[in-house]
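Residue numbers (my numbering): 159 to 216. Below: the structure, in structure tokens.
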């Protein structure tokens with residue numbers, strides 16, 4: 159079960175990385191500027207989750 163959670167957290171993190179890069183490269187749109195902090199928060203949180211699940215913080 160833990161391996162499945164690790165895989166899911168990797169998928170979430172990789173997806174949000176793509177979204178984060180898109181936001182950073184398209185800052186001329188006001189809507190993207192508005193969601194960029196949310197995307198950054200999700201990226202950081204999913205990274206923390208992945209680290210916790212894999213035990214990299216030990």
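All C-beta atoms in this analysis are idealised placements derived from N, C-alpha and C, irrespective of residue type, glycine included. A quick note: this is a predicted structure, and the numbers were derived from the prediction, not measured.
Three-state class that DSSP yields for residue i in the structure shown
{"i": "residue 185", "result": "coil"}
Minimum C-alpha distance to residue i - residue among the options
{"i": "residue 175", "options": "214, 191, 197 and 165", "result": "197"}
{"i": "residue 200", "options": "187, 171 and 185", "result": "171"}
{"i": "residue 203", "options": "181, 192 and 167", "result": "167"}
{"i": "residue 177", "options": "206, 208 and 195", "result": "195"}
Proximity below 7 angstroms, CB of residue i to CB of residue j
{"i": "residue 165", "j": "residue 211", "result": "no"}
{"i": "residue 184", "j": "residue 190", "result": "yes"}
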